[in-house]
Amino acid sequence: NSFAAPQWLLKARTIIENSEWKAFTADLFEAVQQQQTENHVSFFADLSEAEKALFLERAAKAICRGNAHKDVIAHIGSSLENILSGVVAAQMSDSGAVSTKSDLFQSHVRDGMVNLLHKWPDMKSKLHILFNHSLPSEIRKVAWRLYLSNTKVGSKAMRNVLSYYHRMQHFKTRLPDSECVLLIPLVEASVADATPSTSVDTVTTLLVEEYITFMECRPAFMRSQSPGARDDAGSEEVFAEVAQMLDQKEQELSNAVREIHARQGDSPHQSLLRGVKAILQPILTVFFVGYLNMTTLLYIWDQYIIGIDKPSYSCVPAFSFAFIQLLKDHLQACRTEGELAEVPKSRGPALVVQQFRGVISKHFHGDLYSALTRDEAETFPILDPVQSSAFFPPWTHLSSKELPLRTRPKDRRLAREERAARRADQQQRAEREEQLQRLRSQEERLQRQLEETKRVGSEQKLFLEEQLAQERQHRYEMQKRAEEQISQLQDSLNDVEVLKFWNPTSISRVEDLSPGPSPKPSATARTAPSSAVPIAVSAVRQVNGRTPGSVAADLLQAVMQTANTIVNGHNMEREELDSSTQDQLHSYREAVRNAELEVCGRYLDADEVEHMTEPVKSELKKRLAAAVKRGVEARY
Numbered sequence: 001n002s003f004a005a006p007q008w009l010l011k012a013r014t015i016i017e018n019s020e021w022k023a024f025t026a027d028l029f030e031a032v033q034q035q036q037t038e039n040h041v042s043f044f045a046d047l048s049e050a051e052k053a054l055f056l057e058r059a060a061k062a063i064c065r066g067n068a069h070k071d072v073i074a075h076i077g078s079s080l081e082n083i084l085s086g087v088v089a090a091q092m093s094d095s096g097a098v099s100t101k102s103d104l105f106q107s108h109v110r111d112g113m114v115n116l117l118h119k120w121p122d123m124k125s126k127l128h129i130l131f132n133h134s135l136p137s138e139i140r141k142v143a144w145r146l147y148l149s150n151t152k153v154g155s156k157a158m159r160n161v162l163s164y165y166h167r168m169q170h171f172k173t174r175l176p177d178s179e180c181v182l183l184i185p186l187v188e189a190s191v192a193d194a195t196p197s198t199s200v201d202t203v204t205t206l207l208v209e210e211y212i213t214f215m216e217c218r219p220a221f222m223r224s225q226s227p228g229a230r231d232d233a234g235s236e237e238v239f240a241e242v243a244q245m246l247d248q249k250e251q252e253l254s255n256a257v258r259e260i261h262a263r264q265g266d267s268p269h270q271s272l273l274r275g276v277k278a279i280l281q282p283i284l285t286v287f288f289v290g291y292l293n294m295t296t297l298l299y300i301w302d303q304y305i306i307g308i309d310k311p312s313y314s315c316v317p318a319f320s321f322a323f324i325q326l327l328k329d330h331l332q333a334c335r336t337e338g339e340l341a342e343v344p345k346s347r348g349p350a351l352v353v354q355q356f357r358g359v360i361s362k363h364f365h366g367d368l369y370s371a372l373t374r375d376e377a378e379t380f381p382i383l384d385p386v387q388s389s390a391f392f393p394p395w396t397h398l399s400s401k402e403l404p405l406r407t408r409p410k411d412r413r414l415a416r417e418e419r420a421a422r423r424a425d426q427q428q429r430a431e432r433e434e435q436l437q438r439l440r441s442q443e444e445r446l447q448r449q450l451e452e453t454k455r456v457g458s459e460q461k462l463f464l465e466e467q468l469a470q471e472r473q474h475r476y477e478m479q480k481r482a483e484e485q486i487s488q489l490q491d492s493l494n495d496v497e498v499l500k501f502w503n504p505t506s507i508s509r510v511e512d513l514s515p516g517p518s519p520k521p522s523a524t525a526r527t528a529p530s531s532a533v534p535i536a537v538s539a540v541r542q543v544n545g546r547t548p549g550s551v552a553a554d555l556l557q558a559v560m561q562t563a564n565t566i567v568n569g570h571n572m573e574r575e576e577l578d579s580s581t582q583d584q585l586h587s588y589r590e591a592v593r594n595a596e597l598e599v600c601g602r603y604l605d606a607d608e609v610e611h612m613t614e615p616v617k618s619e620l621k622k623r624l625a626a627a628v629k630r631g632v633e634a635r636y
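Reading the sequence shown from the start, the letters are residues 1 to 636 in full-length UniProt numbering.
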C-alpha cells in the first residue's frame with residue numbers, strides 16, 4: 001500500500017499510550033459526557049458521524065487549556081523526536097547513504113505528514129503552519145488534491161470523461177490561452193512524484209477534478225478576459241488595493257507609473273490605478289503563469305491554495321505588490337507604457353522564492369497569517385472551569401513566529417557567527433556558574449567543618465571544665481577529711497600531754513603513801529612528798545605500753561600520710577594523677593621545644609640560656625615564656 005504508515009510512526013503510536021495519554025482521554029471523555037448531558041443525548045452512538053466529530057472537536061477545544069493536554073502534547077513531541085532520531089541514526093550507520101542527517105529527518109517527516117493527510121484529510125488546516133514557505137513536492141501534491149477535491153465533479157468526470165474530451169475536440173471556439181495555461185501548475189504538482197506504474201487515467205481524472213474546482217473558485221480579477229465575462233467591481237478592488245500599497249510604501253515607483261499613464265483630466269489616483277491595472281491584469285489573468293519560474297510559481301500557488309477555503313484570506317494583493325516592488329528598478333527606468341508592460345515578462349522569471357518571502361515577511365506576514373488562522377481561533381465554551389487555568393498552544397501555532405530569512409552567504413555566515421558567539425557565551429556562563437557552584441560548595445563545606453570544630457571544641461571545653469570542677473570538689477573533700485583527721489590527731493596529742501602530767505594512777509599512789517590524819521607534820525615530813533613526785537612522773541612515761549615519743553612519731557607519720565593523700569590521692573587516683581602529671585610534663589616539654597624553634601629557629605642546649613648575658617637572657621626568657629603560653633592555650 002503506497003499510503004501505509006511508516007514504521008516509526010506506528011511505533012510512536014504504541015509508545016504514547018501511557019499515563020499522560022490516559023489522563024487526556026479521561027478528560028476528553030468527561031467533556032464529551034458533559035456535552036451529551038447539556039444536549040440531552042443519552043448515547044454517543046446515537047449521533048451521526050458529523051455530530052460525533054463536532055462533539056469531539058468541541059471537547060478537545062474545551063480541554064486544550066488544561067494540564068492533561070499540555071502533558072500529552074509534550075510527551076508526543078518527545079516520543080516522536082526520540083524514535084525518529086533512532087531511525088535516522090540507524091539508517092546513517094547501516095546504509096552508508098550520502099544524505100545528511102537533516103535530509104533524512106525531513107524525508108521521514110514528509111512521509112509521516114503525507115500518510116496522516118491521506119488518513120485524516122480534515123487535518124489539512126494544519127498546513128497553515130507552512131504559510132510563506134514552499135511546500136515540498138510530496139506535500140504539495142496531497143495538499144492541492146485536498147483543497148481542490150470535489151467529489152461531485154469527480155464522479156461526473158469519471159462518467160463523462162470520453163464525451164467531455166470529444167466535445168472539447170469539436171468545440172466551436174477554442175479555450176482562451178489564459179485558461180489553458182492554468183493547467184500547467186496542476187500538471188507539474190501531479191507528475192512531480194509520479195512513478196512509471198502510475199495510471200494515466202488516474203492522473204487525468206484527478207487533473208480534471210482539480211482543474212474544474214480551481215476554475216470555479218477563481219476570483220473576479222481572473223475571469224475578466226474569459227469569454228462571456230463582464231467587468232466586476234471585485235476585480236477593481238485588487239488593483240485599487242495594490243495601488244494604495246504602492247502609494248504608501250513605494251512613493252517613487254508610484255510616481256513613475258503615474259507619470260507614464262497620466263491622462264488629461266485624471267486625478268493622481270486614477271492615473272496610478274490605470275497603470276497598476278495595465279501591469280497586473282495580464283499577470284493575474286494567468287495567475288503568474290509564464291511570468292515566474294516554476295519554483296517561484298508553485299510557491300505562490302501554495303500560499304493561495306492553502307487558504308482557498310478561507311473567505312477572509314486574500315493573499316493576491318500582497319503577492320502582486322511584492323512582484324511589482326521586486327521589479328522596481330526596472331520599472332522606474334521605463335518611459336513608455338509598452339516598456340512598462342514588457343518588464344514583467346522579461347524580468348519576472350529571474351525572481352526567486354526568497355525575495356518574495358522577504359517582502360511578505362516584512363509587510364504582510366502578520367495580517368495574512370491572522371486571516372489564515374482566524375477561523376481556527378474560534379472560541380468554544382469552557383465546560384470545565386478547572387481547565388481554564390493554563391493555555392497550551394495547539395500544534396498549528398508551533399511555528400507562529402516568523403522564520404528568519406537567510407538569502408545570502410554573508411547572512412548565513414553572520415548567523416553562524418552569532419550562533420557560535422551565543423554558544424561560547426552560554427558555555428562561559430555555564431563554566432562561571434559551575435565554578436561559583438564549586439566555590440559555594442567548598443565554602444559551605446569549610447563552614448560546616450568550622451562549625452563542627454567549634455562544636456567539638458565547646459564539648460571538649462565543657463567536658464574538661466566538668467572534670468576540673470569534679471577534681472576541685474574531690475580535692476576539697478579530701479582536704480576537708482585531712483583537716484578533720486589532723487584536728488582529731490591534735491586533740492589526741494593534747495589528751496596525751498594532759499595525761500603526761502595528770503595520770504590518775506600516780507595520784508592514787510601518792511594518796512596511798514601519805515599517812516592518815518596526824519598532827520601537823522614537821523619540816524622533814526613535808527619534804528617527803530616532794531621526793532615522791534619524781535618517782536610518780538617517771539612511772540607515767542609509759543602509758544598502756546606507749547611512750548610520748550612513739551605517740552609523736554605516730555602523729556607525724558599520720559600527718560605525712562594525710563599530706564601525701566591530699567597531694568597524690570589514693571591508689572587508683574594516685575596512678576591517674578601520676579599519669580596525668582607525666583602527660584602534662586611531656587606536653588610542657590614539647591611546648592618548650594616548639595617555643596625554642598619558633599623563637600630561635602633551633603633547639604637550645606640545657607644551660608645555653610643561663611650562660612647568656614643580660615639583657616639578652618631576660619628578653620629571650622620573656623619571648624620563650626610567651627611562646628610556651630601560646631602553645632599551651634592553643635592546645636587547650
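We put the beta carbon where it would ideally sit given N, CA and C, even for glycine.
Nothing here was measured: the structure is a model prediction, and the numbers come from that model.
Practice task
Would you mind sorting residue 320 into buried or exposed? The rule is 16 or more other CB atoms within 10 Å of its CB.
Solution key: Counting C-beta atoms within 10 angstroms of its own C-beta, residue 320 has 16 or more neighbours from the protein chains shown and is therefore classed as buried.
Problem - Between the CA atoms of residue 37 and residue 109 - distance to the nearest angstrom - result: Looking at the two C-alpha atoms, the distance is approximately 40 Å.
Exercise for the section: Use the C-beta contact count for residue 274: other C-beta atoms within 10 angstroms, 16 or more gives buried, fewer gives exposed. Expected result: Label assigned to residue 274: buried.
Problem - Bounding residues of the alpha helix (DSSP H) (the contiguous stretch that carries residue 626) - result: Unbroken alpha helix (DSSP H) run through residue 626: 616 to 635.
Handout entry: Three-state secondary structure assigned by DSSP to residue 559
Key = Three-state result, residue 559: helix.
Practice task
Spell out the partners DSSP gives residue 183 in its beta bridges.
Solution key: According to the DSSP secondary-structure assignment, residue 183 is paired through a beta bridge with no residue.
Exercise for the section: Could you work out which residue in 594, 300 and 223 is closest to residue 322 when comparing CA atoms only? Expected result: Minimum Cα distance to residue 322 is reached at 300.
Problem - Buried versus exposed, by CB contacts within 10 Å (16 or more), residue 19 - result: With fewer than 16 other Cβ atoms within 10 Å, it is exposed.
Practice task
Can you give me the start and stop residues for the alpha helix (DSSP H) that residue 143 sits inside?
Solution key: Looking at the DSSP string, the run of the alpha helix (DSSP H) that includes residue 143 is 137 to 147.
Practice task
Would you mind working out which of 605, 247, 579 and 201 sits nearest residue 272, comparing C-alpha positions?
Solution key: Nearest C-alpha to residue 272 among 605, 247, 579 and 201: 247.
Problem - Length of the line joining the Cα atoms of residue 496 and residue 559 - result: Computed Cα separation, rounded: 17 Å.
Practice task
Report buried or exposed for residue 422, applying the criterion of at least 16 other Cβ atoms within 10 angstroms of its Cβ.
Solution key: Flag for residue 422 reads exposed.
Handout entry: Residue range of the unbroken alpha helix (DSSP H) whose run includes residue 105
Key = That run of the alpha helix (DSSP H) goes 101 to 119.
Handout entry: Run of the alpha helix (DSSP H) containing residue 61, from where it starts to where it stops
Key = Looking at the DSSP string, the run of the alpha helix (DSSP H) that includes residue 61 is 49 to 63.
Problem - With 16 other Cβ atoms within 10 Å as the buried cut-off, status of residue 597 - result: Residue 597 is exposed by the Cβ-count criterion.
Problem - Beta-carbon proximity of residue 189 to residue 298, cut-off 8 Å - result: It is a contact, given that the beta carbons lie within the stated cut-off.
Exercise for the section: Check whether the Cβ of residue 123 lies closer than 7 Å to any heavy atom of the ligand NAD, and answer yes or no. Expected result: Within the structure as shown, the ligand NAD is missing, as the structure has no ligands at all.
Handout entry: Contact under 8 Å by Cβ, residue 117 with residue 146
Key = It is a contact, given that the beta carbons lie within the stated cut-off.
Exercise for the section: Please classify residue 535: does DSSP put it in a helix, a strand, or coil? Expected result: Legend: pLDDT at residue 535 = 41, less than 50; position of this residue unreliable, value from coordinates given subsequently. Of the three classes helix, strand and coil, the one that applies to residue 535 here is helix, per DSSP.
Practice task
Closer than 8 Å by C-beta to residue 522: which residues in its own chain qualify, once you throw out the five before and the five after it? Chain order, please.
Solution key: Confidence in residue 522 is poor, its pLDDT being 44 and thus under 50, which makes the residue's placement unreliable; the coordinate value appears in the next sentence. Hits under 8 Å: none found.
Exercise for the section: Would you tell me roughly how many angstroms separate the C-alpha atoms of residue 449 and residue 436, rounded to the nearest one? Expected result: For residue 449 and residue 436, the distance between alpha carbons rounds to 20 Å.
Practice task
Pull up the CB-CB distance for residue 16 and residue 79, whole angstroms please, since I reckon it's below 8 Å.
Solution key: Rounded, the Cβ-Cβ distance is 5 Å, consistent with contact.
Practice task
Hey, could you find the ends of the alpha helix (DSSP H) residue 257 is sitting in?
Solution key: Counting along the chain, the unbroken alpha helix (DSSP H) around residue 257 starts and ends at 251 to 260.
Exercise for the section: Could you say if the region 322 to 331 and the region 261 to 268 meet the contact criterion of at least three C-beta pairs nearer than 8 Å? Expected result: Segments in contact, no.
Handout entry: Spatial distance of residue 360 from residue 92 (CA atoms)
Key = One alpha carbon belongs to residue 360, the other to residue 92, and they sit about 37 Å apart.
Handout entry: Expected contact under 8 Å - CB spacing of residue 131 and residue 306 to nearest Å
Key = The Cβ separation is near 7 Å, so the contact holds.
Handout entry: C-alpha distance - residue 353 paired with residue 104, whole-angstrom precision
Key = Approximately 23 Å, taken between the alpha carbons.
Exercise for the section: Output the boundary residues of the alpha helix (DSSP H) element that contains residue 20. Expected result: First-last of the alpha helix (DSSP H) with residue 20: 19 to 38.
Practice task
Would you identify the three-state DSSP class for residue 527, choosing helix, strand or coil?
Solution key: With a pLDDT of only 41 at residue 527, under the threshold of 50, the placement of this residue in the model should not be trusted; the figure read from the coordinates follows. It is helical.
Practice task
Indicate whether at least one CB of chain C lies closer than 8 Å to the CB of residue 107.
Solution key: Reference to chain C is not applicable here, since this structure consists of a single protein chain.
Handout entry: Sequence-distant residues of its chain with Cβ nearer than 7 Å to residue 288 (five each side left out)
Key = Excluding positions up to five away in sequence, the list reads 297 and 300.
Problem - Contact set for residue 594: own chain, Cβ-Cβ below 6 Å, skip 5 residues either direction - result: Contacts found: 631.
Practice task
Quick one: grab the DSSP three-state call for residue 372.
Solution key: Looking at residue 372 - three-state DSSP - the assignment turns out to be helix.
Practice task
Within its chain, find whatever has a CB closer than 6 Å to the CB of residue 328; leave out the 5 residues flanking it on each side and keep chain order.
Solution key: If you ignore the 5 residues before and after residue 328, its C-beta comes within less than 6 Å of the C-beta of 253, all in its own chain and listed in chain order.
Problem - Among 291, 236, 373 and 346, the one whose alpha carbon lies nearest that of residue 317 - result: When each option's Cα is compared against that of residue 317, the closest is 236.
Handout entry: Residue closest to residue 477, alpha-carbon to alpha-carbon, out of 562, 548, 456 and 498
Key = For residue 477, the closest C-alpha among the options 562, 548, 456 and 498 is that of 562.
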